[in-house]
Every structure is written in C-alpha cells, then in structure tokens.
Amino acid sequence: MPPNDPGPENLVTRVPKPPNPKTRSVPLPDEIPRTTPAQPALADQTGALRKNPNYLEATRDPAFLDQRETRGVRLQLDYQKTESVLAHRGIEATIVVFGSTRLCEPDLAREKLKALKCHPDHQPDDPGSRQQLAVAERLLDKSRFYEIARAFAHAVGTCPQNRNPTRLWIMTGGGPGIMEAANRGACEVQAESIGLNIRLPHEQYPNPYISPNLCFRFHYFAIRKLHFLLRAKALVAFPGGYGTLDELFETLTLIQTRVMAPVPVILVGESYWSRAVDFDFLVEEGVIDPEDRELFWYAESAAEIWSGIQAWHEANGTPLFPPD
Numbered sequence: 002m003p004p005n006d007p008g009p010e011n012l013v014t015r016v017p018k019p020p021n022p023k024t025r026s027v028p029l030p031d032e033i034p035r036t037t038p039a040q041p042a043l044a045d046q047t048g049a050l051r052k053n054p055n056y057l058e059a060t061r062d063p064a065f066l067d068q069r070e071t072r073g074v075r076l077q078l079d080y081q082k083t084e085s086v087l088a089h090r091g092i093e094a095t096i097v098v099f100g101s102t103r104l105c106e107p108d109l110a111r112e113k114l115k116a117l118k119c120h121p122d123h124q125p126d127d128p129g130s131r132q133q134l135a136v137a138e139r140l141l142d143k144s145r146f147y148e149i150a151r152a153f154a155h156a157v158g159t160c161p162q163n164r165n166p167t168r169l170w171i172m173t174g175g176g177p178g179i180m181e182a183a184n185r186g187a188c189e190v191q192a193e194s195i196g197l198n199i200r201l202p203h204e205q206y207p208n209p210y211i212s213p214n215l216c217f218r219f220h221y222f223a224i225r226k227l228h229f230l231l232r233a234k235a236l237v238a239f240p241g242g243y244g245t246l247d248e249l250f251e252t253l254t255l256i257q258t259r260v261m262a263p264v265p266v267i268l269v270g271e272s273y274w275s276r277a278v279d280f281d282f283l284v285e286e287g288v289i290d291p292e293d294r295e296l297f298w299y300a301e302s303a304a305e306i307w308s309g310i311q312a313w314h315e316a317n318g319t320p321l322f323p324p325d
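In this note's numbering, the protein residues as written are 2 to 325.
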C-alpha cells in the first residue's frame, strides 16, 4: 500500500450520508415568510403576492392560457394530449362512425312517439302538432340505423383478426344516437372503443359505452377532425344532419384532392342519402367528376358495411389490421 493511503475502511468515513431527496432538516431562508416584530404586515404582503394571478406558473394560469395570444399553444395541447394517449396505447387503425345524435334505439323511439301522442298539448288538427308527430314517426323508422351501427361494431369487435389484442378500433364523436350505438356495440362484445367529444356552449355528455380511458374532449373542432382521420381505415356515415354532413364532405374533399390517402367511405341508407344529397346532379352539373362519385358507396346492413370495407382494402392492397 502506498504511503499515506488511508485504506478502504477509512475512505468510507469520508462519504456523507445521502440527503433526503425532498426535505431538509433546516429550512432555507426563502421557505419562511419575511417578517419582523416591527413590521408584522410583511407576512400578509408576502401572502398577497403569492395569491396574485401573475404569480401563477403559466401552465397553471387559466386566464393566461385563454388569451388570444396563446391560441397556438392551446391548439398544440388540444392535439397533443389525445395523440400521446393513443400513441402510448399503440392505437394505429380506426373505423370512424358518424351519424345523427337524434337516432335512438327503437324501443326508446317508440316511447317518445307514444308520449307525444298522449301529451295533453297534442292537438291532432293543429299543423304544428301534426308536424311533430310526423317527425317522431320518421325518427322511429330511422331507429333501425341505431341497431345497424350497433351490429356493425359487434362485427368489428368480434372479428377473429381483431381479438386479443384489439388492432382495429371503433371511433365516434362520443355523443348519443348513432355514436352511442357504435360504442355500445363494441362494449357489448368486450372490445374497447374511442369517443371524441367536443366542448360546446351547452354541456355535452359522453355516452356511457366509451372505454373510460379512451374518452377525450376537445376545444377545437379542427383538432378533433384531425384525430378522426389520422388513423382512419374507413368512414361509415349514417343518416345525420349538419355535423354528419360536415365530417362527410370534409373527408370526401381530402380524398378527392389526395391530401388524404383514399379510404373506404360508406353511406348507410341509400334512400336517405340519395335524397339528402343528389350526387348524380353534381356530376351532371360538372361541379364534380364522375370518378368523384366513386369515392363512396351505399350499404344497408352491418354485414354489407363490414364486408365492403374488407373487400376494398383487399382490392387496394392495403392491410386493414396493423401487424401484431
């Protein structure tokens, strides 16, 4: 051993005990509010400074984050939170289901029609009452689409290639009606599904069939739309109103312009869609090309929707299911 070498047993005595990673035995000066016997109000002044909104960290200051100048940051966060969860879960492929919030299950639609007929204010000879009754009858007729959406999600969730683990996910707007039906169908066969709610001036409740850890809410419609299509392997549009038409036509435009790679687009219920939108008229008028009319097709049943999606991807040479 070299001279003056203290030896390993003495070296140990020079190593201090590791400190507590979170607390100190003696607090630092800045941990104690400044005060003196002559100036007791200093502690109150310190407390007031800490309560001032400008003292809040930027990420914990709602008023700051809600400013117009921080909209870019909010857009990033609106996108990133959902993206982080979906990426962490390994979710790569979805089938997006759109449709009216007003199309409920048949039993409930019958109850609503019956309640309307029995309501004391209902007057058979009043034009307004007759209109309400006619609408309720048509909604009852269209309630079959609720069951079709439900059955379609059953089919996707029980597909042998899609079991243990899930590789193709049902994604909806998270609300009632057709969206509820699709999430419900997946839930009933123990398949997880995704719901993308949106912040509205009135409270919007997510339907209870969305998988709890896959229910999201967005502030910006644009970011929500982005997430609808980023992983989409197909778009299935049931009868609906402005919201459904908005999502449908945005998707068709992105495919038409090839900004988005083509995916199957299925309109469920030809009798509804052919009257709601006269696509043949658009071709005849020259505002879309005949090939644009081929960007979608009609279907009438869950089996037709599901087999059509599979056949399209097979013909396109694209895998419907991501690899394990």
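Glycine included, C-beta positions come from ideal geometry on N, C-alpha and C.
Element boundaries [alpha helix (DSSP H), containing residue i]
i      : result
Tyr243 : Tyr243 to Gln257
Arg131 : Pro128 to Lys143
Phe322 : Looking at the DSSP string, Phe322 is not in any alpha helix (DSSP H), and its letter there is neither H nor E.
Glu84  : Arg72 to His89
Val284 : Phe280 to Glu285
Leu104 : No alpha helix (DSSP H) holds Leu104; DSSP gives it neither H nor E.
Ala59  : Segment: none, Ala59 is in no alpha helix (DSSP H) and carries neither H nor E.
Whether residue i touches residue j by CB criterion (9 angstroms)
i      : j      : result
Arg200 : Phe229 : no
Val237 : Ile96  : yes
Leu169 : Ala94  : yes
Ala357 : Tyr210 : Because the chain in this structure spans residues 2 to 325, residue 357 falls outside the shown range and cannot be described.
Arg90  : Leu215 : yes
Thr102 : Ile179 : yes
Ile171 : Ile195 : yes
Val98  : Phe239 : yes
Glu315 : Val269 : no
Gly158 : Gln205 : no
Asn184 : Asn163 : no
Ala235 : Val264 : yes
Leu134 : Lys115 : no
Inter-residue spacing [alpha-carbon to alpha-carbon] between residue i and residue j
i      : j      : result
Arg15  : Arg51  : 42 angstroms
Ile289 : Leu283 : 6 angstroms
Ile267 : Trp298 : 5 angstroms
Pro320 : Ala156 : 18 angstroms
Ala42  : Ile33  : 14 angstroms
Phe153 : Ile306 : 7 angstroms
Glu295 : Thr252 : 14 angstroms
Ala49  : Leu231 : 47 angstroms
Leu66  : His203 : 21 angstroms
Asp1   : Asp108 : With the chain covering only 2 through 325, there is no way to say anything about residue 1.
Ser212 : Glu193 : 6 angstroms
Pro291 : Lys113 : 42 angstroms
Thr245 : Asp31  : 57 angstroms
Asp122 : Gly129 : 11 angstroms
Ile149 : Arg69  : 43 angstroms
Leu29  : Asp325 : 54 angstroms
Host beta strand (DSSP E) of residue i (start-end)
i      : result
Lys115 : From DSSP, Lys115 is part of no beta strand (DSSP E) but of the alpha helix (DSSP H) over Pro107 to Cys119.
Val237 : Ala233 to Ala238
Ile96  : Thr95 to Phe99
Val269 : Val266 to Val269
Tyr299 : Trp298 to Ala300
Reference residue i; option with closest CA among the options
i      : options                           : result
Leu141 : Pro54, Asp290, Asp127 and Leu104  : Leu104
Ser85  : Thr252, Ala316, Glu148 and Phe217 : Phe217
Glu181 : Arg151, Glu193, Gln132 and Thr159 : Arg151
Arg145 : Gly318, Glu106, Val136 and Pro125 : Glu106
Arg139 : Ala110, Cys119 and His123         : Ala110
Thr167 : Ile149, Gly174, Val190 and Arg185 : Val190
Pro353 : Pro63, Thr47 and Gln46            : The chain is shown from 2 up to 325; residue 353 falls before or after that span and cannot be answered.
Pro323 : Ala233, Pro291 and Glu271         : Ala233
Ala277 : Pro125, Gly242 and Pro19          : Gly242
Gly174 : Asp122, Leu78 and Gly100          : Gly100
Thr83  : Leu246, Leu227, Asp325 and Thr245 : Leu227
Residue i CB to nearest heavy atom of the ligand SAM below 8 angstroms
i      : result
Leu197 : Absence of the ligand SAM from the depicted structure is noted, as is the absence of any ligand whatsoever, leaving it without description.
TODO: Could you pull out every unbroken alpha helix (DSSP H) segment of at least 4 residues lying fully inside the region 149-215, listed in chain order?
DONE: 179-189
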